[in-house]
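Peer 1: Shown below is the structure under consideration.
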Amino acid sequence: MPPMEARDRVWYFLDVDAHPVRLIDRTRSLLPAIDVGAAGRVTIAGTIRDKTVATSRAERTFDYYALVMLHRGRGFFESGSMPQTDVGAGDLLVLFPGEPHRYGPVDDGDWDESYLVFSGLLFDALRAGGVIDPERPVIRGLDARSQERMIGLVRLAGEPITTPAPVLLSMIVTLICEVASSHATRPLSDADSAWLDAAYRAIDCPRPMSRPLGAAARAMQTSYGSFVKRFTRLAGTAPGQARAKIAMAHACRMLRDPGLSVSQIADHLGFSDASYFCRRFRAVVGHSPTEFRRMSGG
Numbered sequence: 040m041p042p043m044e045a046r047d048r049v050w051y052f053l054d055v056d057a058h059p060v061r062l063i064d065r066t067r068s069l070l071p072a073i074d075v076g077a078a079g080r081v082t083i084a085g086t087i088r089d090k091t092v093a094t095s096r097a098e099r100t101f102d103y104y105a106l107v108m109l110h111r112g113r114g115f116f117e118s119g120s121m122p123q124t125d126v127g128a129g130d131l132l133v134l135f136p137g138e139p140h141r142y143g144p145v146d147d148g149d150w151d152e153s154y155l156v157f158s159g160l161l162f163d164a165l166r167a168g169g170v171i172d173p174e175r176p177v178i179r180g181l182d183a184r185s186q187e188r189m190i191g192l193v194r195l196a197g198e199p200i201t202t203p204a205p206v207l208l209s210m211i212v213t214l215i216c217e218v219a220s221s222h223a224t225r226p227l228s229d230a231d232s233a234w235l236d237a238a239y240r241a242i243d244c245p246r247p248m249s250r251p252l253g254a255a256a257r258a259m260q261t262s263y264g265s266f267v268k269r270f271t272r273l274a275g276t277a278p279g280q281a282r283a284k285i286a287m288a289h290a291c292r293m294l295r296d297p298g299l300s301v302s303q304i305a306d307h308l309g310f311s312d313a314s315y316f317c318r319r320f321r322a323v324v325g326h327s328p329t330e331f332r333r334m335s336g337g
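The opening residue of the sequence shown carries number 40 in the numbering used here; numbering runs sequentially from there.
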């Protein structure tokens, strides 16, 4: 999905027959009619055929959300919250405001994508509620029906006069909720489930924040890179983020014990100092340790 300021990129809309039509206007106000104020707006929609490696090398950070669906080919995706992972046809990428990311084909392989760019409180609410999460930016293997709906939304976005803005926005929200829910509840195979359980046990250890993830990879008898990729694919979050959440769950339990100081808890969990523990606790839990202790009656 191209940045809005691009000058050398060919952009396309899908017409009513889903054939590519070259765009002339590449401005920020491409879809001015799909706008319901602070609630939400769609600014760009389209498809890119034969994306090249050159267009995917630079890391970018946007101030809006985007859905990017890969129709054809294979490649990679990485972001500030997810290490590099393989992606392929049928995968949906969710891009977040303020989240650096990079994606595209490898070695000039095939890559066709469709995308929607949007912003607003509707989508902020989906993020706040955990429906979409920067730590789970790849929704894998959309079924044929969901892929067709995504293509249909791209087409409708190019015809804002025929589809009222509130209707189109609600359709986008519905699609996001349905595919995110389906992905979250998709069962793992017995082998993958057993591997992931063992991997979680490997990172959930005494002083978890002081143990390198490489040690967990060795415990799983795999290389560090393979461990990170498989864990991220199966858990939907990177092992570093999972370890931090495990540590914070332990911290919440320990904060209910008035006999433990914040410094003692930080040391028990393997943090280098109490101030760093407090910053990480607030980032994950949303409150400082002192506030959480007061609210929980510790």
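For glycine and all other residues, C-beta sits at the position ideal for the given N, C-alpha and C.
For ALA277, count neighbouring Cβ atoms within 10 angstroms of its own Cβ and tell me buried if that reaches 16, exposed if not.
Peer 2: buried
Peer 1: With distances taken Cα to Cα, identify the nearest neighbour of PHE157 among VAL212, LEU181 and CYS244.
Peer 2: Ranking the options by Cα distance to PHE157, first place goes to VAL212.
Peer 1: Figure out for me which residue from MET287, GLY168 and ASP306 has the closest Cα to the Cα of HIS326.
Peer 2: Here the closest residue by C-alpha is MET287.
Peer 1: So PRO299 and PHE331 are in contact, right, with Cβ under 8 Å, and what is the actual spacing, rounded?
Peer 2: Note on identity: in this sequence residue 299 is Leu, with Pro being the wrong assignment. Incorrect: roughly 13 Å between the Cβ atoms, too far for contact.
Peer 1: What's the gap between the Cα of SER314 and the Cα of LEU192?
Peer 2: 47 Å
Peer 1: Using the rule of at least 16 other Cβ atoms within 10 Å of the residue's Cβ for burial, across every protein chain shown, is MET108 buried or exposed?
Peer 2: buried
Peer 1: Report the three-state DSSP secondary structure of SER221 (helix, strand or coil).
Peer 2: helix
Peer 1: Between which two residues does the alpha helix (DSSP H) containing ARG194 stretch?
Peer 2: 183–196
Peer 1: Assign ALA196 to buried or exposed, taking buried as 16 or more other Cβ atoms, counted over all protein chains shown, within 10 Å of its Cβ.
Peer 2: With 16 or more other Cβ atoms within 10 Å, it is buried.
Peer 1: So, at 8 Å on beta carbons, what are the nonlocal neighbours of GLY168 in its own chain, with the 5 sequence-adjacent residues on each side left out?
Peer 2: none
Peer 1: Less than 6 Å between C-beta atoms, sequence neighbours within five positions excluded: which residues of the same chain meet that for GLY249?
Peer 2: Note on residue identity: the sequence assigns Ser, not Gly, to residue 249. Hits under 6 Å: GLY309.
Peer 1: Express the C-alpha separation of PHE270 and SER262 in angstroms, rounding to a whole number.
Peer 2: 12 Å
Peer 1: Under the DSSP definition of a beta bridge, which residues are partnered with HIS307?
Peer 2: None, per the DSSP bridge assignment.
Peer 1: How is PRO144 classed by DSSP in three states: helix, strand or coil?
Peer 2: DSSP places PRO144 in strand when its eight states are reduced to three.
Peer 1: Out of LEU131, ARG99 and ALA305, which has the shortest C-alpha to C-alpha gap to ALA183?
Peer 2: LEU131
Peer 1: Looking only at C-alpha atoms, which of MET210, GLU217, ALA204 and ALA283 sits nearest to ASP243?
Peer 2: The shortest C-alpha separation from ASP243 is found at ALA283.
Peer 1: Tell me whether PRO328 is buried or exposed, calling it buried when 16 or more other Cβ atoms sit within 10 Å of its Cβ.
Peer 2: Buried, because 16 or more other Cβ atoms sit within 10 Å of the Cβ of PRO328.
Peer 1: Give the secondary structure of PHE157 by DSSP, where H, G and I count as helix, E and B as strand, and everything else as coil.
Peer 2: strand
Peer 1: In this structure, how does DSSP classify ASP231 when only helix, strand and coil are distinguished?
Peer 2: helix
Peer 1: Mind checking GLU152: buried by the 16 CB within 10 Å criterion, or exposed?
Peer 2: That one is buried.
Peer 1: Straight-line CA distance for ARG65 to ALA105?
Peer 2: A caution first: ARG65 carries a pLDDT of 32, below 50, which makes its placement in the model too unreliable to give a value.
Peer 1: Per DSSP, ILE242 forms a beta bridge with which residues?
Peer 2: Bridge partners of ILE242: none, in fact.
Peer 1: Comparing alpha-carbon positions, which option in TYR103, ASP146, GLY112 and ARG113 lies nearest LEU137?
Peer 2: Going by the sequence as given, residue 137 is Gly instead of Leu. Cα-wise, what sits closest to GLY137 is TYR103.
Peer 1: Find the nearest neighbour of ILE83 within the set GLY127, PHE266, MET121 and LEU155, judged by alpha-carbon distance.
Peer 2: LEU155
Peer 1: Return yes when the Cβ of ARG99 is within less than 8 Å of the Cβ of ARG166, no when it is not.
Peer 2: no
Peer 1: Label VAL206 either buried or exposed according to how many other C-beta atoms from any shown protein chain fall within 10 Å of its C-beta, with 16 as the threshold for buried.
Peer 2: exposed
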